[in-house]
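As structure tokens, the structure follows; a few thoughts come after it.
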Amino acid sequence: MKISALQPVTASDFPGRMAAIIFTQGCNFHCPFCHNGSLLPMDADCLIGEDTVYSFLKKRQKLLDGLVISGGEPCLQEDLAGFCRQVKDMGYAVKLDTNGSRPLVIEELLAEDLVNFIAMDIKAPLSRLPELTGTASHGEQISRSISLVAESGVDHLFRTTDVKPMLSSEDHRSIKELVPPGSCHVVQPFVAKNALAPSLRE
Ligand code: SF4
């Protein structure tokens, strides 16, 4: 696991739990509106060892009951499943934040009961994914991940960032159509000032 940062506590990122957050290094998308640009390269200095995270969590067992694994894209990490297992064995619930591009990893985590909550981004209608993610289309993978997450029985939500200059109301309608009935979908505000693409920062 390549872990770039550890946020010691959050009361708002894991519904119903007091949690810490780790941010994994590396992402396979290059969303122009991303506000975590430093997390995108797969290699980086100043990584935090897994043992440091385990030891932090051990000390906080009476104060925290969850760990959010965010990124970057956590599903790119080797041995994500092993890491989740260790964290769960310490008594923590695990929340995964994902862009949905790696359905096989999500499937593995679900099959082994290693996540308690999944927040998955739906960044654009499938036809506009390349533009909004800065990569070749991952439409098939995103569709598969949506189904896996929605049918998993695990608490989950789908999220879309309201990138006003790029997403129209028609796009938002198309995104809503991708969300299966019974699943929650939230639209979160776009913060322009740290956007990856300079043209979006104004
Ligand atoms: S916003 Fe896009 S580029 Fe940034 S971390 Fe998330 S998926 Fe990766």
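Numbering-wise (my numbering), the sequence shown opens with residue 861 and increments by one. Idealized CB from N, CA, C, for every residue including glycine.
Margin query: For a test of your reading of the model: does the CB of residue 884 fall under 7 Å from any non-hydrogen atom of the ligand SF4? Yes or no.
Written below: Your numbering for residue 884 matches position 24 in the sequence shown. The answer is no for residue 884.
Check: What whole-angstrom Cβ distance do residue 861 and residue 957 have, given they're in contact under 8 Å?
Finding: Position 1 of the sequence shown holds residue 861. Position 97 of the sequence shown holds residue 957. Going by Cβ atoms, the distance from residue 861 to residue 957 rounds to 15 Å, so no, they are not a contact pair.
Margin query: On the criterion of 16 or more Cβ atoms from any shown chain inside 10 Å, does residue 964 qualify as buried, or is it exposed?
Written below: Residue numbering aside, residue 964 sits at position 104 when the sequence shown is read from its first letter. Burial call: exposed.
Check: Identify the residues that DSSP records as bridge partners of residue 956: which are they?
Finding: As a working mapping, residue 956 is identified with position 96 in the sequence shown. Per DSSP, 929 and 978.
Margin query: Under DSSP, the beta strand (DSSP E) around residue 882 begins and ends at which residues?
Written below: Looking up residue 882 in the sequence shown gives position 22. Looking at the DSSP string, the run of the beta strand (DSSP E) that includes residue 882 is 879–884.
Note to self: Just to confirm, is the Cβ distance from residue 961 to residue 933 under 8 Å?
What the structure shows: Within the sequence shown, numbered from 1, the residue matching residue 961 stands at position 101. Within the sequence shown, numbered from 1, the residue matching residue 933 stands at position 73. Yes; because the gap between Cβ atoms is below 8 Å, this pair is in contact.
Margin query: Could you check whether residue 989 and residue 998 sit closer than 8 Å to each other, using their CB atoms as the reference points?
Written below: Position 138 of the sequence shown holds residue 998. Position 129 of the sequence shown holds residue 989. Against a cut-off of 8 Å, the Cβ pair of residue 989 and residue 998 comes out as a contact.
Check: Excluding the five sequence neighbours on either side, which residues of its own chain have a C-beta within less than 6 Å of the C-beta of residue 1002, listed in chain order?
Finding: For this step, residue 1002 is matched to residue 142 along the sequence shown. Around residue 1002: 960.
Checklist line | Outcome for residue 921 when other beta-carbon atoms lying within 10 angstroms are tallied against a minimum of 16 | finding: Taking the first residue of the sequence shown as position 1, residue 921 is located at position 61. The residue is exposed, with fewer than 16 neighbouring Cβ atoms inside 10 Å.
Next item on the list: Check the C-beta distance from residue 924 over to residue 880 and give it rounded, since I have them as a contact under 8 Å.
Entry: Taking the first residue of the sequence shown as 1, we reach residue 924 at position 64. Taking the first residue of the sequence shown as 1, we reach residue 880 at position 20. Right, the Cβ-Cβ distance comes to about 6 Å (below 8 Å), so this counts as a contact.
Notebook entry, point to check: Mind checking whether the beta-carbon of residue 936 lies closer than 7 Å to any heavy atom of the ligand SF4?
Noted result: Looking up residue 936 in the sequence shown gives position 76. Of the heavy atoms belonging to the ligand SF4, none sits nearer than 7 Å to the Cβ of residue 936.
Notebook entry, point to check: So does residue 909 have its beta carbon nearer than 7 Å to some heavy atom of the ligand SF4?
Noted result: Here residue 909 refers to the residue found at position 49 when the sequence shown is read from its first residue. No; taking the cut-off as 7 Å, the Cβ of residue 909 has no heavy atom of the ligand SF4 nearer than that.
Notebook entry, point to check: residue 1018 and residue 966 look like a contact to me (Cβ under 8 Å); what is the Cβ gap, rounded to whole Å?
Noted result: Against the sequence shown, residue 1018 aligns to sequence position 158. Against the sequence shown, residue 966 aligns to sequence position 106. Actually they are not in contact, since the Cβ atoms of residue 1018 and residue 966 sit about 13 Å apart, beyond 8 Å.
Checklist line | The beta strand (DSSP E) enclosing residue 867, as first and last residue numbers | finding: If you number the sequence shown from 1, residue 867 lands on position 7. Looking at the DSSP string, the run of the beta strand (DSSP E) that includes residue 867 is 863–870.
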